[in-house]
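For reference, the structure discussed in these notes is given below.
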Amino acid sequence: MSLKPQQVIINGKYQLLEVIGQGSFARVWKAQEFDPQGNPLRLVAIKELKRAGLSAEVLREQELRFQREIQVSARLTEAPNVVRAITAEQVTLEDGRQVPLLILEYMEGGSLADLLKRHPQGLSVAQAVRYALDLCAALEGLHRLDIVHRDVKPSNILFRSLDGQARLGDFGTAQVPGETVGGSRTWGTAGLQPGTPDYWPPEQAWERARSIPRRTSMLWAACCSRC
Ligand SMILES: Nc1ncnc2c1ncn2[C@@H]1O[C@H](COP(=O)(O)OP(=O)(O)O)[C@@H](O)[C@H]1O
Ligand SMILES: [Mg+2]
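Residue numbering for the sequence shown follows this note's numbering, starting at 39 and increasing by one per position.
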């Protein structure tokens, strides 16, 4: 049971248009939002958890991850250069199950991963510096709030079409204040480390220590992402 293109959800508030992205955990839809009178309001992105084929244990873990993302996103209304969450909703699927959705500002420019696919030879120095500065501003703002993203990489860096600004998204593995570093209070299966091995800094790959990733690891990942 899952959502479908053209489906109208949440009492006519959104119409799903097409899937615009998928990560390991989630599917992201482009959707039209309507006002209470049924007039088109704006385009939004709607993120749902991918559920098909997951064991009950893994699904539980992913649901916790998504809850974390919804909670962290709600705290980032003022942080610079992060993808804004508009709200969270619950949708009832055909089988009667209620599942959460995260409604996000629609980043029309797509991701840095998409951009790099279109430019396999790399970006210009001017472009790379601009995006790196955007990303540094995002990391500075997050670290001031004691939040460590833990999965900075091209598919989580998105572009706003208005001014081309790069914004950091996907807070599913973010570390929040009060959580033990790299700890498993809300991060799942024993032995798994948050993040993506290709973007881990060397000390994280070598040590496999519970004490990482730290803030500097995010700077490493940002540099690996700049291409
Ligand atoms: N707000 C958004 N606007 C446009 N595209 C998005 C948005 N959020 C995510 N995407 C697309 O969906 C992909 C997967 O989203 P992401 O949040 O990274 O999912 P996951 O948690 O599974 O990694 C992104 O790489 C991007 O291509
Ligand atoms: Mg992602």
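The C-beta atom is built at its ideal place from N, Cα and C for all residues, glycine as well.
This structure is a prediction, so every number in the text was calculated from the model and none was measured.
- The distance from the Cβ of I84 to that of V66 is about 7 angstroms, consistent with a contact at the 8 angstroms cut-off.
- Distance from the C-beta of D208 to the nearest heavy atom of ligand 1 is below 6 angstroms.
- DSSP places E146 in the coil class of the three-state scheme, outside both helix and strand.
- Exposed is the label assigned to K155, since fewer than 16 other Cβ atoms lie within 10 Å of its Cβ.
- For I58, the enclosing beta strand (DSSP E) covers residues Y52 to Q60.
- Shortest gap from the CB of I48 to any heavy atom of ligand 1: 6 angstroms or more.
- Put simply, of E241, G134, K51 and G233 the residue whose alpha carbon is nearest the alpha carbon of T125 is K51.
- Take the alpha-carbon of L180 and the one of Q213: they are about 10 angstroms apart.
- Taking C-alpha positions only, C174 is separated from L196 by approximately 14 angstroms.
- Note that the stretch 66-81 touches the stretch 42-57; at least 3 beta-carbon pairs, one per stretch, sit closer than 8 angstroms.
- The nearest non-hydrogen atom of ligand 2 is less than 6 angstroms from the C-beta of G61.
- Note that the C-beta distance between L142 and A112 is not below 7 angstroms.
- A heavy atom of ligand 1 is found nearer than 6 angstroms to the CB of I58.
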